[in-house]
Amino acid sequence: MSKRGLGKGLSALIPGAGQEVGSEILELSLDDISPNPLQPRTDINEEQIAELADSIRKVGVLQPIIVRPDGAAYQIIAGERRWRASRAAGLERVPVRVMATTETEALALALIENLQREDLNPIEEARGYKRLITEYKMTQAELADRVSKSRSAVTNTLRLLDLPEDIQELLYEGKITAGHARAILSVLDDDRRRTLCKKCVDEGLSVREAETIAKLLAAGAPIHGQRIVTPKSYKIVARRLRRLLSTNVRVRQTAKKGKIEIDFHDEDELERIVRLLTDGGQVMGVKEVGV
11 MSKRGLGKGL SALIPGAGQE VGSEILELSL DDISPNPLQP RTDINEEQIA ELADSIRKVG
71 VLQPIIVRPD GAAYQIIAGE RRWRASRAAG LERVPVRVMA TTETEALALA LIENLQREDL
131 NPIEEARGYK RLITEYKMTQ AELADRVSKS RSAVTNTLRL LDLPEDIQEL LYEGKITAGH
191 ARAILSVLDD DRRRTLCKKC VDEGLSVREA ETIAKLLAAG APIHGQRIVT PKSYKIVARR
251 LRRLLSTNVR VRQTAKKGKI EIDFHDEDEL ERIVRLLTDG GQVMGVKEVG V
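Residue numbering for the sequence shown follows the numbering used here, beginning at 11 and increasing consecutively.
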């Protein structure tokens, strides 16, 4: 699905929303413009603002800031980073396009603009979606169409808000990824979710490793403190193998894969174990293959 451009106007993104007050681009004093306190993007990277300010000093503001009337002044709908960078660059006036919108319509356009620029972290995106659904009375299908996302993508993003607040904060801070968060979500109990999240942060687990442990936790593997205990089925298999092979056997799950560990003392015992495992079939002796 192709992305909708802001140049189509707010009505192309949100049917029935406010229209542009004027089609021309105006210049306004930076002092007459203020940020929208309800805008979805809350994490402003000062280093990126400094880089953008340097670019603005060299070539100016190439894309007008979108604003709406706010009493005698104006409030930003989209372009807060350009406004901040223009201040940092020492500009007094900036190009703007004025639109007449409600606060909710302004929120919708700000969210869509940030999504198109991929400027939102997953939690900001999820909170923005929730506000649009709650305040603008959109269905998930309508929202998905407005932001040019699949409905499943919108649903999966909204599910991130089902996580405990402390895990949401770690996702917001970038200490875990959305992939880690989805693995954590597959565990239904909040205590187990926190256990898995702590392992992701402390041990630097990959998403695949987190998914492997999540399957164990979701299946009911008991937890002692922060240690994931071997499932009962693994212990049963280990006992059967110990009886069959007459040696110690461990069946365990690591972060990456399952493992069966079989103890042996020398080459002769290893060959005996191999013969048992191959059901008495003809196998080449260990010494013959140079093990």
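A virtual CB, placed ideally from N, CA and C, is assigned to each residue, including glycine.
Counting other Cβ atoms within 10 Å of its Cβ, asparagine 46 reaches 16 or more and is therefore classed as buried.
Three or more beta-carbon pairs drawn from the region 166 to 180 and the region 200 to 213 are found closer than 8 Å, and the two stretches are therefore classed as touching.
Sorting Asn55, Arg250 and Thr187 by C-alpha distance to the C-alpha of glutamate 219 places Thr187 at the top. DSSP places valine 284 in the uninterrupted alpha helix (DSSP H) bounded by 277 to 287. Excluding its 5 nearest sequence neighbours in each direction, methionine 148 has C-beta neighbours in its own chain below 8 Å: Leu142 and Arg156, listed in chain order. Sorting Ser96, Glu221, Leu130 and Pro105 by C-alpha distance to the C-alpha of glutamine 73 places Pro105 at the top. Boundaries of the alpha helix (DSSP H) around valine 217: 217 to 228. DSSP, reduced to helix, strand and coil, places tyrosine 139 within a helical segment of the structure shown. By the C-beta criterion, the region 63 to 77 is judged to be in contact with the region 95 to 103, since at least 3 inter-stretch pairs fall below 8 Å. Each residue's CA atom was taken as its position, placing leucine 215 and arginine 253 some 35 Å apart. Looking at the backbone, the Cα of histidine 190 and that of valine 217 are separated by about 5 Å. For arginine 107, the pairing in a beta bridge is given by DSSP as Ile76. The beta carbon of glycine 184 sits closer than 8 Å to the beta carbons of Asn131 from its chain, once the five residues preceding and following it are set aside; these are given in chain order. Straight through space, the alpha carbons of leucine 40 and arginine 107 are spaced by roughly 14 Å.
Glycine 189 sits in a helix when the DSSP states are folded into three classes.
Less than 8 Å separates the beta-carbon of leucine 38 from that of arginine 103.
Judged by DSSP in its simplified three-state form, serine 65 adopts helix. Under the three-state reduction of DSSP, alanine 83 is assigned to strand.
Assignment of beta-bridge partners to isoleucine 272 by DSSP yields Val259. With respect to leucine 195, leucine 173 sits close: the two C-beta atoms are nearer than 8 Å.
In the DSSP assignment, leucine 38 falls within the unbroken beta strand (DSSP E) covering 36 to 39.
Within the DSSP bridge table, the entry for serine 44 names Gln85 as partners. The beta carbon of tyrosine 146 lies closer than 7 Å to those of Thr114 and Ala118 in the same chain, with the five residues before and after it left out. For the set Val259, Gly100, Tyr139 and Ala82, the Cα lying nearest the Cα of arginine 161 is the one of Tyr139.
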